[in-house]
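Using my numbering, the letters of the sequence shown map in sequence onto residues 35 to 356.
Cβ coordinates follow ideal geometry from the N, Cα and C atoms, glycine included.
Let me begin by presenting the structure, written as structure tokens, before commenting on it.
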Amino acid sequence: MSEKEILHILGTKVALGESAKVSFNVAKLHTQNTIDVPIIIERSKKPGPTVLITAGIHGDEVNGVEIVRQIIAKGINKPKKGTIICIPVINVFGFIHMDREFPDGRDLNRVFPGGKNGSLASRVANKLMTEIVPHADLILDFHTGGADRFNAAQIRIVKNEVVLDELAEIFGAPIIYYSKNLNKSFRNTCYKLGIPMLLFEGGKSFNIDKTITNTGVNGTKRVLDHLGMLKSNFKVSKPKKSCVKIVESKWIRANHSGMFKPNKSVNTIIKKGDVLGHITDPYGSFNHFVKAPNDGYLFNVNESPIIYQGDAIFHISTKLES
């Protein structure tokens, strides 16, 4: 086997046909205990693309972690050709503490590409970008709606990218949401390097939703099958419904604080003036109707029973791709 067919990653050599679990060791806890982030590598004997599958950039996004866990547990990550690298929990610090951010208070997804002498989050971003990402030909990154905001299953990509459009349609999530790459995000940094990424969003923090996880796992199988990497013992299902492509959208924010009860769910077509929910007070003296400002497709609903004025409560499309 030639040297170029050997994967050199985090000080470990992984040849074609081999499996490995390597440690993404960045820092210790304040108790001096080492925190190791396991990276699961599976290589076919047959050369092919390298797909990186990640989750847990935010420590509270357990739904994404569960998707990657299932991919590993079911053996979907053992390719017919090429290499699959899985990182189920990137922000293991936040995952341990059930916190979105790093112990230094930073959002990992806002510090890329990071620096080797920066903050803890910055160092993790830097190591990910220098030692793992350069090996990837495609990245599938799994996320979850923040706090109590429940995201419909969706793939987020930038507009007018032929490769991303094709892969997003193959993934088969109910929604493709065209959104700009955020500065210093993982997605934007990989985009600048020319590495395509499908960012999956679905569900809400601290929650595992079966429909969302099934969508993520099935979408991954479709993409791997398209690349010729999925073993023949796995069935590939067709998406249950046609894809909605959202070009522009807006958040409806609460005009009042109080107790909140939505009466529309995600993946719903709404009309201008439809009552989407109610904001009330604990004393029965106040009842505010939240109405849709325009026709659109509802793809995020805040499920928190208590909200404050200005909170984002519904995310609806304002422009769909015809």
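Residues in its own chain within less than 6 Å of residue 172 by CB, not counting five upstream and five downstream? For the purposes of this step, residue 172 is identified with residue 138 of the sequence shown, where counting begins at 1. Same-chain partners within the cutoff: 85 and 230.
Validate contact between the segment 72 to 80 and the segment 118 to 129 using beta carbons, cut 8 Å, 3 pairs
As far as the Cβ criterion goes, the segment 72 to 80 touches the segment 118 to 129, which means the pair count is three or higher.
Practice prompt. Can you grab the Cα-Cα spacing for the pair residue 312 / residue 292, in whole Å?
Written response: Sequence index remark: in the sequence shown, residue 312 carries index 278 (1-based). Sequence index remark: in the sequence shown, residue 292 carries index 258 (1-based). Approximately 9 Å, taken between the alpha carbons.
*residue 118 - partner residues in DSSP beta bridges*: Here the question's residue 118 lines up with position 84 in the sequence shown. Residue 118 pairs with 76 and 85.
- Message: Quick check on residue 214: buried or exposed, where buried means 16 or more other Cβ atoms within 10 Å of its Cβ?
- Response: In the sequence shown, counting from the first residue as 1, residue 214 sits at position 180. With fewer than 16 other Cβ atoms within 10 Å, it is exposed.
**Request:** Could you tell me the distance, in whole angstroms, from the CA atom of residue 306 to the CA atom of residue 249?
**Result:** Translated into positions along the sequence shown, residue 306 becomes position 272. Translated into positions along the sequence shown, residue 249 becomes position 215. Computed Cα separation, rounded: 29 Å.
Notebook entry, point to check: What's the C-alpha gap between residue 238 and residue 275?
Noted result: The residue labelled residue 238 in the question sits at position 204 within the sequence shown. The residue labelled residue 275 in the question sits at position 241 within the sequence shown. If you take the alpha carbons of residue 238 and residue 275, they lie about 22 Å apart.
Notebook entry, point to check: For residue 212, which beta-bridge partners are listed by DSSP?
Noted result: Within the sequence shown, the letter at position 178 stands for residue 212. Paired residue(s): 191.
- Query: By the 10 Å Cβ neighbour count, where 16 or more other Cβ atoms means buried, how is residue 356 classified, buried or exposed?
  - Reply: Here residue 356 refers to the residue found at position 322 when the sequence shown is read from its first residue. Burial is judged here by how many other beta carbons sit within 10 angstroms of a residue's own beta carbon; residue 356 has fewer than 16 and is exposed.
**OP:** Count the CB pairs spanning the segment 199 to 211 and the segment 257 to 277 that are closer than 8 Å, and state whether there are at least three.
**Re:** yes
*residue 179: which of 353, 350, 344 and 334 sits nearest, CA to CA?*
Position 145 of the sequence shown, counted from the first residue, corresponds to residue 179. With distances taken between Cα atoms, residue 179 lies closest to 334.
Does the beta-carbon of residue 261 have 16 or more other beta-carbons within 10 angstroms, so that it is buried, or is it exposed? Position 227 of the sequence shown, counted from the start, is the residue given in the question as residue 261. Looking at its Cβ environment, which holds 16 or more other Cβ atoms inside 10 Å, residue 261 is buried.
Report task. Return the Cβ separation of residue 136 and residue 125 in integer angstroms, given the expectation that the two are a contact with Cβ distance under 8 Å. Result -> Locating residue 136 in the sequence shown gives position 102, where the first residue counts as 1. Locating residue 125 in the sequence shown gives position 91, where the first residue counts as 1. Their Cβ separation, rounded to whole angstroms, is 6 Å, which keeps residue 136 and residue 125 in contact under 8 Å.
| query | Which class does residue 92 belong to by DSSP, given the choice of helix, strand or coil? | reply | In the sequence shown, counting from the first residue as 1, residue 92 sits at position 58. Of the three classes helix, strand and coil, the one that applies to residue 92 here is coil, per DSSP.
Check your understanding: Which residues mark the beginning and the end of the alpha helix (DSSP H) in which residue 252 is found?
Key -> If you number the sequence shown from 1, residue 252 lands on position 218. Residues 244 to 260.
(message) Taking the beta carbon of residue 102 as the centre, do at least 16 other beta carbons fall within 10 Å, making it buried, or is it exposed?
(response) The residue given as residue 102 occupies position 68 in the sequence shown. Within a 10 Å sphere around the beta-carbon of residue 102 sit 16 or more other beta-carbons, which makes this residue buried.
| Measuring CB to CB, does residue 224 end up less than 8 Å from residue 167? | As a working note, residue 224 is residue 190 in the sequence shown. As a working note, residue 167 is residue 133 in the sequence shown. Closer than 8 Å, so yes.
Am I right that residue 246 and residue 97 are in contact with their C-beta atoms under 8 Å? What's the rounded C-beta distance? Indexing the sequence shown from 1 puts residue 246 at position 212. Indexing the sequence shown from 1 puts residue 97 at position 63. Indeed they touch by this definition, with Cβ atoms about 6 Å apart.
Short of 6 Å in beta carbon distance, which residues of its chain neighbour residue 170, apart from the five on each side in sequence? Order them along the chain. As a position in the sequence shown, residue 170 is number 136, starting the count at 1. Counting only Cβ-Cβ distances below 6 Å, and skipping sequence neighbours, we find 84, 86 and 229.
Check your understanding: Just how far apart, CA to CA, sit residue 90 and residue 128?
Key -> The residue you call residue 90 lines up with position 56 of the sequence shown. The residue you call residue 128 lines up with position 94 of the sequence shown. Roughly 9 Å separates the two Cα atoms.
>> On the criterion of 16 or more Cβ atoms from any shown chain inside 10 Å, does residue 64 qualify as buried, or is it exposed?
In response: Here residue 64 refers to the residue found at position 30 when the sequence shown is read from its first residue. Exposed.
So what's residue 329 in DSSP terms, helix, strand or just coil? What you label residue 329 is simply residue 295 of the sequence shown in a count that begins at 1. Three-state result, residue 329: coil.
Rounded to the nearest angstrom, how far is the Cβ of residue 303 from that of residue 310, given a contact under 8 Å? The residue given as residue 303 occupies position 269 in the sequence shown. The residue given as residue 310 occupies position 276 in the sequence shown. Residue 303 to residue 310, Cβ: 12 Å. No contact.
Q) Based on the DSSP output, what are the partners of residue 133 in its beta bridges? A) Taking the sequence shown and counting its residues from 1, the one referred to as residue 133 is at position 99. BP columns for residue 133 are empty, so no partner.
- The alpha helix (DSSP H) spanning residue 159 covers which residue range? Looking up residue 159 in the sequence shown gives position 125. Residues 154 to 165.
From 198, 212 and 201, pick the residue whose C-alpha is nearest to that of residue 352; which is it? Locating residue 352 in the sequence shown gives position 318, counting from the first residue. It is 212 whose Cα lies nearest to the Cα of residue 352.
- Could you tell me which residues DSSP pairs with residue 293 in its beta bridges? As a working mapping, residue 293 is identified with position 259 in the sequence shown. In DSSP, residue 293 forms a bridge with 314 and 340.
Which residues mark the beginning and the end of the beta strand (DSSP E) in which residue 175 is found? The residue given as residue 175 occupies position 141 in the sequence shown. That run of the beta strand (DSSP E) goes 172 to 179.
7 Å CB neighbourhood of residue 52 in its chain, flanking five on each side removed:
To locate residue 52, count along the sequence shown from 1; it is residue 18. For residue 52, where only same-chain residues beyond five positions count, the Cβ hits under 7 Å are 77.
**C-alpha distance - residue 346 paired with residue 354, whole-angstrom precision** = For the purposes of this step, residue 346 is taken as residue 312 along the sequence shown, with counting starting at 1. For the purposes of this step, residue 354 is taken as residue 320 along the sequence shown, with counting starting at 1. C-alpha separation (whole angstroms): 21 Å.
Exercise for review: Taking 8 Å as the cut-off, decide whether the C-beta atoms of residue 93 and residue 134 are in contact.
Suggested key: As a first step, residue 93 must be located in the sequence shown, where it is residue number 59. As a first step, residue 134 must be located in the sequence shown, where it is residue number 100. Against a cut-off of 8 Å, the Cβ pair of residue 134 and residue 93 comes out as a contact.
Query - Close beta carbons around residue 242, own chain, < 7 Å, minus the five adjacent residues each side - result: Indexing the sequence shown from 1 puts residue 242 at position 208. Around residue 242: 96, 97 and 100.
Whole-angstrom Cβ separation of residue 240 and residue 286, contact assumed at under 8 Å? Position 206 of the sequence shown, counting from 1, holds the residue named residue 240. Position 252 of the sequence shown, counting from 1, holds the residue named residue 286. About 24 Å separates the two Cβ atoms, so there is no contact after all.
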